[in-house]
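Student: Handing you this structure, nothing more for now.
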Amino acid sequence: MSSSSSSNKVNIPEAREAMDKFKYEVASEIGVPLKKGYNGDLTSAQNGYVGGYMVNNVLTRRSKEFQRTTGCVNGEVYSVNYICNVVFV
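Under this note's numbering, the first residue of the sequence shown carries the number 2, and numbering increases by one thereafter.
What follows is the structure, encoded as structure tokens:
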């Protein structure tokens, strides 16, 4: 595999700056000393942790699921499951 190929492609070019900002915010939040430019002194585990945390953070913000007990009819409790999708603009 050549060094110029990458699977980390941003589908929307305008989103690259926001994704980079998000990456540095996540790294700071979890204590990984990520800096702009060369980060060869970091372990693959540290870099992977940043990426994994980003994915988990994005997915949990995309949708939330919760359950609410709506009431009791004839002695039976009814629950409703809600799934909320959040769109960031």
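The C-beta atom is built at its ideal place from N, Cα and C for all residues, glycine as well.
Val-78 by DSSP, collapsed to three states: which one?
Tutor: As a position in the sequence shown, residue 78 is number 77, starting the count at 1. Correct three-state label for Val-78: strand.
Student: Identify which residue in Glu-18, Ala-46, Tyr-50, Ile-84 has its Cα closest to the Cα of Glu-30.
Tutor: In the sequence shown, the residue the question calls residue 30 occupies position 29. Considering only alpha carbons, the answer is Tyr-50.
Student: If I measure Cβ to Cβ from Lys-24 and keep anything under 6 Å in the same chain, skipping five residues before and after, which residues do I get?
Tutor: Counting from 1 along the sequence shown, the entry for residue 24 is found at position 23. Counting only Cβ-Cβ distances below 6 Å, and skipping sequence neighbours, we find nothing.
Student: Have a look at Tyr-54 and Lys-22 and give me their C-alpha separation to the nearest angstrom.
Tutor: Working through the sequence shown from its first residue, we reach residue 54 at position 53. Working through the sequence shown from its first residue, we reach residue 22 at position 21. Going by the C-alpha atoms only, they are around 14 Å apart.
Student: If we ignore side chains and look at the alpha-carbon of each, how far apart do Glu-18 and Gly-76 end up?
Tutor: The residue you call residue 18 lines up with position 17 of the sequence shown. The residue you call residue 76 lines up with position 75 of the sequence shown. Cα to Cα, Glu-18 sits roughly 56 Å from Gly-76.
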